Each structure stands twice: as structure tokens, then as C-alpha cells.
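Numbering (mature numbering (1 follows the signal peptide of the UniProt record, and there is no 0)), first residue to last: -25 to -1, 1 to 237.
Beta carbons: idealized from backbone N, C-alpha and C, even for Gly.
What you are looking at is a predicted structure, and each value in this text was computed from that prediction instead of being measured.
Below is one structure, written out as C-alpha cells; comments come after it.
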């Protein structure tokens, strides 16, 4: 009422200090970045740096790589400490993790060359060679080792990792040698059982989603990514990139995250 009266008096020429209240802009979301297998949170450094320069609060979390149920609970504990809203971003296996998070603060999801399983599906179904041929993530490049793991049976687990000489051509063929060296130094092994763990109710069913397809991916076949993006009704961007698009094309990936945050 006061705003209406002020506008009316100003319109007929009565001298007042005319200040009409305006709606406050919505707060910028916090962007939470979840890395995938064979990497750690430093894989997001390029993307995070761009977004922070633009004024976004960015949190890159440590994904334990033990399985979707376990890891989504770990990431959700971080989300609970943050003010809302949140844009949740997952690369590769990190997509399966964000799919299993249902925090009401999360208003947008971004999948980057990522798994987006449905309820009761294992992530391995997205790289089924009969349906989606082309993945090169196979032995002998993919190797196994026994690791100490408090979440495993008897305190141990069987983990997968990519052999160092095969890592560039399979995971990151468009990444510079210097960056490859850093990525190898930060490679984290991945619980082999996580590939077969059945996913829970998918967050993408009720949350607006974006998807960045890596057209030259040698880990998750591009056809599998396109089908995943279509199924989750994502706004989709495709870039000519390896699986490690967040490292080789950080500006393009940050741009899609910015769209989701906007």
C-alpha cells in the first residue's frame, strides 16, 4: 500500500523521496562438485577456479569411491552443513552418487560424462558392451589390488585402478602431459563392488538436470551418455572431449554449471 501511494504521488508531481521497494535477488547457490573413480577432488580445480572467480561458493568433496549408498551419505553430510540452495555436480561415477542424494537444498543436478542410474540399476549397465560397445576400460589397462578399507569385509576390499601407461589414452587423451602427471599422482582406486551395487530412488526424477556429453569418451561410450541424458530429461551440451572433460575443457563444463546455477 505504501509503495502504491508513493508511486501515485510521484506521478502527479508531488515532491517526495521516491523509493519503491524492489524484490530481493535470490541468493546464489553453493556449487558442490563430486569427483568420479580414478580421481580425487583436485580434478575439479580448473572448473572450481573459474566459478569462484565469478563469485560462486564452490565446495569440492572427497568421494570415498566405496559404493553409491555409502558415498552419497558421505556427500550428503557435507551438504547439510551448507546454506541452500545447492547445485550438485557429478563426474563419471560421481553421477551415481548425486543420483542417490535427496537433500531438499539440492535444486539442480549436473552430470558430466556421468552415470545416471535408475532405481535398482547397477552403474555397470551403462557400459554393457552388448548395448554400448566402445569402452576401453578393460584389463590389462584396468587392474585390481587389495586395499585396507574400513567399509569392506574384514577391513579390506578389492579395488580397481587404471595402469599408469594406459591412463592417458583411455581416460584423458586430450589432457596435457603435465596435467596427466598430476592426475596420476592423485588417482584414487575404486571399490570393484561399486560397479554392481544397485542404485536407489533417483534424484533426477524430481530435480531439473543438465548433462555434459563427452563425444570422444573412451570410458563411458558417448551413446550411453546421450541415452542417459535423454532418459533423465536433461538439458544437454556435447563437447569434443575425452572422459576427463572437467580437466581438458574446464570453461565449457563451468559454463553448463553456470547455466544450471542461473
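Got a sec? Which residues, its chain only, sit under 6 Å from residue i by beta carbon, not counting five neighbours each side?
i           : result
residue 203 : 91
residue 229 : 22, 25 and 26
residue 37  : 16
residue 28  : none
Any idea what DSSP makes of residue i, helix, strand or coil?
i           : result
residue 188 : strand
residue 244 : In the structure as shown, the chain begins at -25 and stops at 237. Residue 244 is therefore absent and cannot be evaluated.
residue 149 : coil
residue 135 : strand
residue 222 : helix
residue 200 : helix
Closest by CA to residue i, which one among the options?
i           : options               : result
residue 94  : 230, 76, 121 and 214  : 76
residue 162 : 168, 219, 172 and 199 : 219
residue 105 : 124, 141, 196 and 80  : 196
residue 118 : 97, 98, 86 and 167    : 167
residue 159 : 14, 6 and 7           : 14
Starting from residue i, trace the beta strand (DSSP E) both ways and give me its first and last residue.
i           : result
residue 211 : 210 to 214
residue 21  : Segment 20 to 28 is the alpha helix (DSSP H) holding residue 21; no beta strand (DSSP E) there.
Considering residue i, what are the terminal residues of the alpha helix (DSSP H) in which it resides?
i           : result
residue 234 : 225 to 236
residue 171 : It is not in any alpha helix (DSSP H) - residue 171 carries neither H nor E in the DSSP assignment.
Rounded to the nearest angstrom, what separates residue i and residue j at their Cα positions?
i           : j           : result
residue 189 : residue 235 : 18 Å
residue 179 : residue 43  : 15 Å
residue 182 : residue 147 : 30 Å
residue 175 : residue 128 : 22 Å
residue 133 : residue 108 : 25 Å
residue 136 : residue 12  : 8 Å
residue 139 : residue 151 : 15 Å
residue 154 : residue 221 : 12 Å
residue 88  : residue 73  : 13 Å
residue 141 : residue 61  : 36 Å
residue 52  : residue 120 : 29 Å
residue 65  : residue 156 : 23 Å
Could you name the residues of the same chain whose beta carbon sits closer than 7 Å to that of residue i, not counting the 5 residues immediately before and after it, in chain order?
i           : result
residue 111 : 145 and 193
residue 213 : 188 and 190
Quick one: residues in its chain with C-beta nearer than 8 Å to the C-beta of residue i, no 5 flanking neighbours on either side, listed in chain order?
i         : result
residue 3 : 30, 31, 32 and 236
At the 8 Å Cβ level, is residue i part of the contact set with chain B, yes or no?
i           : result
residue 221 : Here there is only one protein chain, and chain B is not present.
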